[in-house]
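Student: Below you will find the structure I want to go over with you.
Residue numbers (the UniProt record's numbering): 1 to 290.
Structure, rendered in structure tokens:
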């Protein structure tokens with residue numbers, strides 16, 4: 001059987017200068033339960049990351065808070081020294097108090113500290129894409145993005161991204177520094193960020209949907225995509241990813257998994273050629289909020 005590579009999904013140029021394969025990989029699932037602590041099998045996590053790179057994945061999304069300080073060192077162990085095609089996108093701005101607990105901290109000194117730590121933990125001299133993980137409501141967004149701009153001016157990061165933001169916040173941030181990417185919750189079952197996606201498309205900003213598979217009812221046997229998947233000889237997960245890739249040219253899905261088998265299944269979504277009728281059927285199969 002022919003192995004499908006991620007680069008079949010096409011390429012996107014971040015800020016017109018940094019090429020990435022559109023179907024990426026997210027590292028959050030390489031941590032313990034509640035995104036807390038190490039994985040049960042660190043060696044398998046390393047195998048997953050290396051296999052993703054072998055399959056043509058070039059965009060690896062991570063964060064200092066995944067673990068915390070678990071996912072970034074795993075990337076370093078698996079892929080450093082990095083091939084020149086690899087783009088590491090990490091995040092700072094959320095602190096961890098325990099499993100499933102996340103508290104935003106956007107003080108400039110903290111963001112700078114975490115950038116320095118990420119450089120060390122990832123084994124990088126410069127972070128290709130550094131994203132504000134959440135806007136801290138206690139700190140002016142201009143101060144948070146302003147610190148990232150200072151880090152960019154110093155050569156410690158190449159591009160600035162945001163996560164879980166509104167159109168208004170994107171524009172506030174763009175008044176301070178160029179914004180290369182936005183990472184919001186978005187999938188076939190939850191399209192509440194539709195206006196943000198449309199805004200990113202108009203301005204050529206990469207849109208990185210987190211939770212792209214809406215794990216649960218969307219992809220389970222007997223779920224809303226099951227019958228369509230059977231007809232197209234695909235899995236529901238593959239359809240959900242293919243739908244995202246079809247939805248917008250700025251869309252960069254980052255499905256994560258801790259299994260090489262599941263990774264290969266996800267990457268195979270890049271090879272699905274959906275017709276307009278297929279897309280319409282998928283869109284109608286799931287009632288999504290807007």
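Where is the CB? At the ideal position from N, CA and C, for every residue including glycine.
#1: Sorted by chain position, which residues of the same chain lie with C-beta nearer than 6 Å to residue 67's C-beta, five sequence neighbours on each side aside?
#2: Less than 6 Å between C-beta atoms, sequence neighbours within five positions excluded: which residues of the same chain meet that for residue 65?
#3: What span of residues does the alpha helix (DSSP H) with residue 146 cover, start to end?
#4: Going along the chain, which unbroken runs of the beta strand (DSSP E) with 3 or more residues stay wholly within the stretch 94-146?
#5: How many angstroms separate the CA atom of residue 192 from the CA atom of residue 63?
#6: Span of the alpha helix (DSSP H) holding residue 170?
#7: Given residue 98, which residues of its chain have a CB within under 7 Å of its CB, disregarding the five upstream and five downstream residues?
#8: What is the DSSP secondary structure of residue 78, counted as helix, strand or coil?
#9: Do the stretch 151-163 and the stretch 121-133 meet, that is, are 3 or more Cβ pairs less than 8 Å apart?
#10: Which residue or residues does DSSP assign as beta-bridge partners of residue 159?
#11: How is the alpha helix (DSSP H) around residue 236 delimited, first residue to last?
#12: Would you kindly check if the distance between the Cβ of residue 211 and the Cβ of residue 200 is under 7 Å?
#13: Are residue 184 and residue 214 closer than 7 Å when you measure CB to CB?
#14: What would DSSP say about residue 30, mapped onto helix, strand or coil?
#15: Report back the beta-carbon spacing between residue 360 and residue 162 to the nearest angstrom; my notes put them in contact at under 8 Å.
#16: Cα separation between residue 42 and residue 74?
#17: Specify, as a first and last residue, the run of the beta strand (DSSP E) that residue 273 falls within.
#18: Under the three-state reduction of DSSP, which class applies to residue 294: helix, strand or coil?
#19: Which first and last residues belong to the alpha helix (DSSP H) in which residue 261 is found?
#20: Rounded to the nearest angstrom, what separates residue 106 and residue 141 at their Cα positions?
#21: With respect to the alpha helix (DSSP H) encompassing residue 196, which residues constitute its N-terminal and C-terminal limits?
#22: With a CB to CB cut of under 6 Å and the five nearest residues on each side skipped, what residues in its chain are close to residue 172?
#23: Could you say which of 39, 122 and 245 lies nearest to residue 266 if we only look at CA atoms?
#24: Assuming residue 7 is part of the beta strand (DSSP E), what are its boundary residues?
#25: Looking at the unbroken beta strand (DSSP E) that takes in residue 181, where does it start and where does it end?
#26: What's the call for residue 133, buried or exposed, on a 16-neighbour Cβ count within 10 Å?
#27: In terms of alpha-carbon separation, which member of 139, 168, 124 and 111 lies closest to residue 149?
#28: Mind checking whether residue 122 and residue 88 have CB atoms under 7 Å apart?
Tutor: The relevant details are as follows:
#1: Stepping through the chain shown from its first residue, residue 67 is reached at position 67. Closer than 6 Å at Cβ, skipping near neighbours: 31.
#2: What you label residue 65 is simply residue 65 of the chain shown in a count that begins at 1. Taken in chain order, the residues that qualify are 94 and 96.
#3: Along the chain shown, one-based indexing puts residue 146 at 146. Counting along the chain, the alpha helix (DSSP H) containing residue 146 begins and ends at 141-153.
#4: 127-132
#5: Locating residue 192 in the chain shown gives position 192, counting from the first residue. Locating residue 63 in the chain shown gives position 63, counting from the first residue. Between residue 192 and residue 63, the C-alpha separation is close to 23 Å.
#6: Translated into the one-based positions of the chain shown, residue 170 becomes position 170. Unbroken alpha helix (DSSP H) run through residue 170: 167-174.
#7: Residue mapping note: residue 98 aligns to position 98 of the chain shown, counting from 1. So the qualifying residues of the chain are 36.
#8: For this step, residue 78 is matched to residue 78 along the chain shown. Residue 78 falls in the helix class under three-state DSSP.
#9: yes
#10: In the chain shown, counting from the first residue as 1, residue 159 sits at position 159. Note: residue 159 sits in a beta bridge opposite 129.
#11: Reading the chain shown from its first residue, position 236 is the one you call residue 236. Here the alpha helix (DSSP H) through residue 236 covers 236-247.
#12: Taking the first residue of the chain shown as 1, we reach residue 200 at position 200. Taking the first residue of the chain shown as 1, we reach residue 211 at position 211. Taking 7 Å as the Cβ cut-off, residue 200 and residue 211 do not qualify as a contacting pair.
#13: In the chain shown, counting from the first residue as 1, residue 184 sits at position 184. In the chain shown, counting from the first residue as 1, residue 214 sits at position 214. Not a contact, by the Cβ cut-off of 7 Å.
#14: Start at 1 with the first residue of the chain shown, and residue 30 comes out as number 30. Here residue 30 sits in helix by DSSP.
#15: The requested residue 360 is not part of the displayed model; the chain covers only 1 to 290.
#16: The residue given as residue 42 occupies position 42 in the chain shown. The residue given as residue 74 occupies position 74 in the chain shown. Each residue's alpha carbon lies about 8 Å from the other.
#17: Stepping through the chain shown from its first residue, residue 273 is reached at position 273. Where residue 273 is concerned, there is no enclosing beta strand (DSSP E), given that its DSSP letter is neither H nor E.
#18: Because the chain in this structure spans residues 1 to 290, residue 294 falls outside the shown range and cannot be described.
#19: Position 261 of the chain shown, counted from the first residue, corresponds to residue 261. Unbroken alpha helix (DSSP H) run through residue 261: 260-267.
#20: As a first step, residue 106 is located in the chain shown; it is residue number 106 there, counting from the start. As a first step, residue 141 is located in the chain shown; it is residue number 141 there, counting from the start. Residue 106 and residue 141: Cα-Cα distance of roughly 8 Å.
#21: Mapped onto the chain shown, residue 196 falls at position 196. Here the alpha helix (DSSP H) through residue 196 covers 194-203.
#22: By one-based count along the chain shown, residue 172 stands at place 172. Closer than 6 Å at Cβ, skipping near neighbours: 141.
#23: Numbered from its first residue, the chain shown carries residue 266 at position 266. Here the closest residue by C-alpha is 245.
#24: Translated into positions along the chain shown, residue 7 becomes position 7. Residue 7 -> no beta strand (DSSP E), and no H or E assigned at all.
#25: For the purposes of this step, residue 181 is taken as the residue at position 181 of the chain shown. Element bounds for residue 181: 181-183.
#26: Along the chain shown, one-based indexing puts residue 133 at 133. The residue is buried, with at least 16 neighbouring Cβ atoms inside 10 Å.
#27: Numbered from 1 along the chain shown, position 149 holds the residue referred to as residue 149. Nearest C-alpha to residue 149: 111.
#28: What you label residue 122 is simply residue 122 of the chain shown in a count that begins at 1. What you label residue 88 is simply residue 88 of the chain shown in a count that begins at 1. For residue 122 and residue 88, yes; Cβs fall inside 7 Å.
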